[in-house]
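**Q** One structure follows; several queries about it will come next.
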Amino acid sequence: METINGYKVAYEKKKDILYSRMDETMINRLREIKRKTGISVSEIIRESVRRLIQEVDETGSIQLKIK
Numbered sequence: 280m281e282t283i284n285g286y287k288v289a290y291e292k293k294k295d296i297l298y299s300r301m302d303e304t305m306i307n308r309l310r311e312i313k314r315k316t317g318i319s320v321s322e323i324i325r326e327s328v329r330r331l332i333q334e335v336d337e338t339g340s341i342q343l344k345i346k
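Going letter by letter, the sequence shown gives residues 280 to 346 in the working numbering.
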């Protein structure tokens, strides 16, 4: 597993909230990952978005598979 150091201080007051719709399967899977790792669901989502943004910055495109 790769570890990337964040850029934020340990505690930072939240400024913006973005709501996202997810189906029950996605939510249950995120909660399962939380139980196994101890990482909060919001941090899992933030890290996923960071990685997606990094991919866009590096490649200039995004690859999403939609079935």
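Here a beta-carbon is modelled for each residue, glycine too, at the ideal position from N, C-alpha and C.
Everything numeric in this text was worked out from a predicted model, so none of it was measured.
1) Within this structure, are the beta carbons of I312 and I324 separated by less than 7 Å?
2) State the start and end residues of the unbroken alpha helix (DSSP H) segment that holds R325.
3) Give me the Cα-Cα distance between K344 and I296, rounded to the nearest whole angstrom.
4) Put K313 into one of helix, strand or coil per three-state DSSP.
**A** Taking the coordinates as given:
1) no
2) For R325, the uninterrupted alpha helix (DSSP H) run begins and ends at 320–338, by DSSP.
3) 27 Å
4) Correct three-state label for K313: helix.
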